[in-house]
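Chemist: So the sequence shown is numbered by our numbering: it starts at 87 and just counts up by one.
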Amino acid sequence: MTLRQVSYFVAVAEAGSFTVAARRLRIAQPSLSQQVQALEHDIGAALLERTSRGVRLTTAGREVLPEARAMLAAAQRARLAARQTETLEGGELEIATVRSLAVGVLPPLIGEFRTRHGGVRIWLREFAHRDHLNAAVWAGQSDIAFGPRPSGWPGPLTALGWEEFALILPLDDPLAATDGPVNLRHLADREWILYEPGHGLDDVVLFACATAGFTPRAAMRTGQSEAAVRLAASGLGVAMVPVNVVPDQLAKISRRMRHPVVRELAVYTRTQFSPAAEAFAGVAAAAYRPARPPRSIVFR
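#1: Quick check: the stretch 294-307 against the stretch 219-234, are there 3 or more CB pairs under 8 Å?
#2: Check for me: the beta strand (DSSP E) holding F232 runs from which residue to which?
#3: Entirely within the stretch 192-256 and at least 3 residues each: give me those beta strand (DSSP E) ranges in chain order.
#4: Less than 8 Å between the C-beta atoms of Y354 and V191, yes or no?
#5: So which of A298, Q120, R139 and P194 has the shortest CA-CA distance to V369?
#6: Roughly how many angstroms separate the alpha carbons of G241 and R165, rounded to a whole number?
#7: Since L336 is in the alpha helix (DSSP H), which residue starts that stretch and which ends it?
#8: Using a threshold of 8 Å, state whether the C-beta atoms of S311 and L287 are closer than that.
#9: May I have the straight-line CA-CA distance separating N220 from T297, to the nearest angstrom?
#10: Do L292 and M343 come within 8 Å of each other at the CB atom, strictly closer than that value?
#11: Report the partner residues of G140 according to the DSSP bridge assignment.
#12: When you compare only the Cα positions, how much space is there between L255 and R169?
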């Protein structure tokens, strides 16, 4: 069974005549008859009955006709969807990312993309750790990943800028009253707001503190970078968060580090960027290009 055979059957049924249908389709009548007969053979039942005045539907034909029309309509919708996807007039783009980027970096980039390609629907999948993010993309569960640049990724990848981490200090911390970058070693005796074990940001904090020569003492743990900011602001401990998640009203208790901790971000996929994915990668590369700060420490 082919779509051509189905369309020919519908044309004959609607015209009530092989002759009229052949004229409308601009094909030879014998060829039209052969295609309809092939469809009937495939279905296993006669669909049309010839009469002195033309043709009429058999009982099987009356049952098949609505399904045939639905099949042709579905095929047309599929063609339209494919065309819109290629031209970015429609379609979908599923982006896998880590939670902190979904809060900080991604929203303005998605906004810029939607301004240019409003017909493309965006779906966001959030993960706690970049390993889960990579696994989801590699398994084909998402179209692209937007996250920390993976080491040795074998598929297409567009490198972006550097994401810097900042410290959030309780208001009563002596260092909160100072200006300028903070030496992380000076916070070795503080209590910290850490992240849940297995959370990607927990790895960043432990790496940064180990580089400074100490292991942070946990006052409490959370699974959200936004919560870490609020908890630190409430005086429960020091937090380390991506600079992009710090709200403007709490910028006064945010401090850069003397040796900033950074990670490089990237957009990547498994085999090939779709048109929508390639367009999003282009938007991200143009809009997010923070340079690596001097004296920074790279978390890989």
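Backbone N, C-alpha and C define an ideal beta-carbon position, used for all residues, glycine too. All figures in this text were calculated on a predicted structure; none of them were measured in a lab.
Modeler: If we stick to the structure as given:
#1: no
#2: I230 to P234
#3: 207-213, 230-234 and 243-254
#4: no
#5: P194
#6: 28 Å
#7: First-last for L336: undefined, no H or E at that position.
#8: yes
#9: 26 Å
#10: no
#11: T137
#12: 52 Å
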